[in-house]
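> What follows is a single structure, and I will ask about it in a moment.
Residue numbers (UniProt numbering): 1 to 235.
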């Protein structure tokens, strides 16, 4: 395998960290972009909604590791607010992180991929886009848009050797999920597990394994797809 450089947003914790760890185990050079950093020397603190910060991270990664030809957009911000109480400012913040952040990072990454004639982009969306979730209209709207963006980018950049896919996780055991549980936003977690055909909660490593495959050479004929990882439960 040719060693490539990967950038994972939201890579300091949860699903993003599991993806970064898996890609490193696969032999890639991995950098992460997150509001928080880790002990890894290629962990960068930046806000995906700030294009100048994003561009600065890409410049640093190119100088230290080389062109970025693998990108995983895992940075995200959830919300749980009744629609009638949702302020436009909060709506805009959630959309800014979950959708506009993807826009900024993909635009920053594409020049390297186009120059290389090869690229892999995986956008982490959400299984909530299948059927909606009450009190999360801003989050669901933004993640649904990510799925649409994924399909359009796949069509536009397929001729350049770049594949673009989305992975909508189901019920995954992450710090974000546990925080929502502690706030009483999830109801009975065991009921959700019982309603999942495989009868368990998902693990970040489940998402990482799927990303690993979609990034591999073997997945070169897969693009524009929304690949659910949800234990058979689509809501």
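Glycine is no exception: its CB is placed at the ideal position from the N, C-alpha and C atoms.
Pull up the DSSP beta-bridge partners for residue 49, would you.
None; residue 49 has no bridge partner.
> Determine the direct distance from the alpha carbon of residue 166 to that of residue 220, and round the result to whole angstroms.
Their backbone Cα atoms lie some 14 Å apart in a straight line.
> Here's the rule: buried if 16 or more other CB atoms are within 10 angstroms of the residue's CB, otherwise exposed. What is residue 132?
With fewer than 16 other Cβ atoms within 10 Å, it is exposed.
> My guess is that residue 9 and residue 140 are in contact by the Cβ rule of under 8 Å, so how many angstroms apart are they, rounded?
Going by Cβ atoms, the distance from residue 9 to residue 140 rounds to 20 Å, so no, they are not a contact pair.
> Taking only three categories from DSSP, how would you classify residue 169?
Reduced to three states, the DSSP call for residue 169 is strand.
> By Cβ distance, which residues of its chain are closer than 6 Å to residue 225, with the 5 residues on each side in sequence left out?
Hits under 6 Å: 165.
> Among the residues of its own chain, which have a CB less than 6 Å from the CB of residue 119, if the five just before and after it don't count?
Result list for residue 119: 69, 113, 162, in chain order.
> Using DSSP bridges, identify the partner residues of residue 7.
Note: residue 7 sits in a beta bridge opposite 31, 71.
> Of the residues 47, 199, 126, which one's Cα is nearest the Cα of residue 148?
The shortest C-alpha separation from residue 148 is found at 126.
> From the DSSP output, read off the bridge partner residues of residue 120.
In the DSSP output, where bridge partners are listed per residue, residue 120 has 70, 163.
> Would you identify the three-state DSSP class for residue 131, choosing helix, strand or coil?
Three-state result, residue 131: coil.
> Note down the Cα distance separating residue 78 from residue 160, rounded to an integer number of angstroms.
Rounded to the nearest angstrom, the two C-alpha atoms are 33 Å apart.
> For residue 151, which residues in the same chain have their Cβ closer than 6 Å to its Cβ, ignoring the five residues on either side in sequence?
Taken in chain order, the residues that qualify are 224.
> Quick one: what's got a C-beta closer than 8 Å to residue 205's C-beta in the same chain, skipping five residues either side?
So the qualifying residues of the chain are 18, 22.
> Excluding the 5 residues preceding and the 5 following residue 95 in the sequence, name in chain order all residues of the same chain whose CB lies nearer than 6 Å to its CB.
142, listed in sequence order.
> Per DSSP, which one or two residues make a beta bridge with residue 226?
166.
> Between 43, 80, 48, 146, which lies nearest to residue 179 when the distance is taken from Cα to Cα?
With distances taken between Cα atoms, residue 179 lies closest to 80.
> What does the Cβ neighbour count give for residue 36, buried or exposed, with the cut at 16 atoms within 10 Å?
That one is exposed.
> What are the boundary residues of the alpha helix (DSSP H) that residue 139 is part of?
137-157 is the extent of the alpha helix (DSSP H) around residue 139.
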